[in-house]
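Quick note, the sequences are listed as chains A and B, same order.
Per the numbering used here, the first sequence runs over residues -5 to 327.
Per the numbering used here, the second sequence runs over residues 7 to 241.
Where a beta carbon is used, it is the ideal one built from N, C-alpha and C, also for glycine.
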Amino acid sequence: MTTLIEARAAKPRRKPVGHAMLIGGAVAALAVGAALPWIVPTKIAMSLLAQAMFDALLATSVGFLILQNGRTSFGQAAFFGLGGYTIGVLVARQWVAPELALLAALILPTAVAFLLGLVISRITGVAHAMLTLAVGQAFYEVVFRWRELAKGDDGMSFDLPARVFGFSARKLQDPAFMLVLSWTILVLVLVGLVLFTRSRVGQVAAAIRDNEERARFLGYSTVMPPALVYAIAAFIAATAGILQACYNGYIAPQMFHWSTSGFALIMAIIGGAKFIFGPAIGAIVLFYIKDFAGQFAEYWPAIVGGILVVVTLTMPRGVVGLALLLWRRGTGR
Amino acid sequence: MTGHVIEGIGLSRRYGGFAALDNVDIAVKQGEIRGLIGPNGAGKSTLIDVLSGRAATRGGKVLLNGEDISALTPQERRRRGMARSFQRTNIFPDLTVEQQLLVAAWAVPGADIAEVMDELRLTELADIPAGEISYGDQRRLDLALALVGRPAVLLLDEPAAGLTMEESLGLARILRDLANRWKVTVLLVEHDMQVVFSICDRITVLHLGRSLSEGTCAEIRVDPTVIAAYLGTEA
């Protein structure tokens, strides 16, 4: 026993990044974001990168469910679409003030996910994945067929109001502004998720993920913390949906489609779903892969599929996991 | 009040046509370590499950400090001071030793993990994910999770399973010491008779879901019905 303890004590342990370093990194990332309009050469590139930020937020949402609840979702696009449709429909119909529409677009998907989470957090494995797929597709079918809501499968364009919270809403359709805004939101979301995983409720949720029965016998409700994680993940997905809807001034059923959820899952896996930053990195990597593959082949999704197979087989912890492994080997940590 | 911390009265549990527990009574006094022995299928783990709320009893009731807790959930029983461990190592493999002890402590107001880490010799392993520590360390961690907050009653289901003789006896010494100092009442299911006879104050023998005998270690050693049903002549 003593020998074992000594051996472990001699080996430096991996400590999590401190709060000061986290805040420092976040400030640096926000500074980079503010400089992006001067770094990215063209408006088209800015526009594509802004789209990559929406993808990164959705992928982060999917990855957070895997990381914190140990659950794979094929239906996260439901909350992405719900956020986009809520703001799109409310703004287009002018039923409420734009500020209220924004709040509703954030609160509605979050509340729906929390209530769903109370039920589906009890279900694991393939059954959970299929249930999330069914929920997502149910939303898709509703908006696809309900023409009175937002013109069904045609989708619906809408004009942004002149001002929201006193600011010019038209700026949301400027590529440079949207790139900085979406980058900033992504950075804040990632920092928020790191802080959540370190909080009491985050640690309890992780314990429930690891061993639900033991957590129950330690005295915890094993339903509420996972449901809260579902709600947070939906909030992030809804934010991505709102940003995309406002930027494009257009909503369509594709926002709810399972393939939107599937691509977000692929991004999370490529980047490394076991890391908070992994899915966002995966979204950026996939953005460049799509851009590169699109130059050579019309059927670029097949190339993406091939890359997913290679990553799954050779990098089970994704790009971030591989990078960390190489860094630790290089530095001897 | 009967002077017993934990009591089971007329506990029964069936799995299909099989009576895992059949009208079993058990009562344990404060600070006592009660051994629960018997052959495989005797109902030992089922009794622990019924007392802890993992399985419901068909008839009968469970009393904790005289209060009927039969209808309470495992969470509510934990808050009233009942903790348990499991037959197989039941920890949180991805959390560090310290993280999971903190999680255990947050559920019990005023709980201190430093004393548990110290008593169970886990301090040096604090920053290591539990999945990476040795099996013996994991068993001690399993026990530590149950001991956080000094529970009034500790139900242990084969805590020494898979340990070497030296590790088993070491764990037994820690358990005896903590039961004395912290006044923890322990109900211990264990197949290792050396462990049972070295730390238990009294022993209950179960056989085919029924209580076969109860007494001190010396009485159980020479009880002819126990020798015939379980211990054999080697005991």
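With contact defined as three or more Cβ pairs closer than 8 angstroms, the region 7 to 22 of chain B and the region 194 to 214 of chain B are not in contact. In summary, residue 229/A is buried, with 16 or more beta-carbon neighbours lying within 10 Å of its beta-carbon over all protein chains present.
Judged by DSSP in its simplified three-state form, residue 190/A adopts helix.
Residues of the region 191 to 203 of chain A with a Cβ closer than 7 angstroms to any Cβ of chain B, in chain order: 194, 197, 198, 200, 201. For residue 173/A, the nearest beta carbon of chain B is not closer than 9 angstroms to its own beta carbon. Boundaries of the beta strand (DSSP E) harbouring residue 217/B: 216 to 222, taken from the DSSP string.
DSSP, read as helix, strand or coil, puts residue 22/B in coil. Residue 21/B and residue 47/B have their C-alpha atoms some 12 angstroms from each other. Looking only at 151/B, 97/B, 223/B, 200/B, the smallest Cα-Cα distance to residue 210/B is reached by 223/B. In this structure, the beta-carbon distance from residue 88/B to residue 159/B falls below 9 angstroms. In the same chain as residue 271/A, and ignoring 5 residues on each side of it, the C-beta atoms closer than 8 angstroms to its own belong to 184, 265, 314, in chain order.
Neighbours of residue 71/B in chain A, taken as residues whose beta carbon is under 9 angstroms from its own, are absent, since the nearest beta carbon is some 17 angstroms off. Scanning chain A for C-beta atoms nearer than 9 angstroms to the C-beta of residue 108/B yields 194, 197, reported in chain order.
Taken in chain order, the unbroken stretches of alpha helix (DSSP H) that lie wholly in the region 221 to 277 of chain A and span 4 residues or more are 252 to 265. For residue 89/B, the enclosing beta strand (DSSP E) stretches over residues 88 to 90.
The Cβ atoms of residue 153/A and residue 243/A sit closer than 9 angstroms to each other. Using a Cβ-Cβ cut-off of 8 angstroms, residue 34/B is close to nothing in chain A; its nearest Cβ partner there is about 19 angstroms away.
Per the Cβ contact rule, the region 213 to 225 of chain A is in contact with the region 185 to 202 of chain A (3 or more Cβ pairs under 8 angstroms).
Residue 241/A and residue 252/A have their C-alpha atoms spaced approximately 22 angstroms apart. Taking C-alpha positions only, residue 54/A is separated from residue 69/A by approximately 14 angstroms. Going by beta carbons, residue 102/A and residue 114/A fall outside the 9 angstroms limit.
Nearest neighbour of residue 126/B by Cα position, chosen from 93/B, 170/B, 183/B, turns out to be 183/B.
Per DSSP, residue 208/A is one residue of the alpha helix (DSSP H) stretching across 206 to 211.
Excluding the 5 residues flanking it on each side, residue 104/B has same chain C-beta neighbours closer than 8 angstroms at 119, 123, 132, 133, in chain order. Of the candidates 283/A, 44/A, 189/A, the residue whose Cα lies closest to the Cα of residue 299/A is 283/A. In this structure, residue 170/A lies away from residue 47/A, with their beta-carbon atoms at least 9 angstroms apart. Residues of chain A with a Cβ closer than 8 angstroms to the Cβ of residue 151/B are, in chain order, 208, 212. Considering only 307/A, 85/A, 19/A, the residue with the shortest C-alpha distance to residue 245/A is 85/A. Close CB contacts of residue 83/A within its chain, under the 7 angstroms cut and outside five residues either way in sequence, are with 143, 144 (chain order). For residue 119/B, the enclosing alpha helix (DSSP H) covers residues 119 to 125.
Residue pairing by DSSP places residue 35/B opposite 10/B in a beta bridge. Counting along the chain, residue 165/A sits inside no alpha helix (DSSP H), nor does DSSP assign it H or E at all. For residue 67/B, no alpha helix (DSSP H) encloses it; the enclosing beta strand (DSSP E) starts and ends at 67 to 70. Excluding residues up to 5 positions away in sequence, 44, 48, 49, 50 lie with their Cβ nearer than 6 angstroms to the Cβ of residue 212/B in the same chain. Nearest neighbour of residue 236/A by Cα position, chosen from 162/A, 107/A, 52/A, turns out to be 52/A. Pairing residue 63/A with residue 203/A gives a Cβ-Cβ distance under 9 angstroms.
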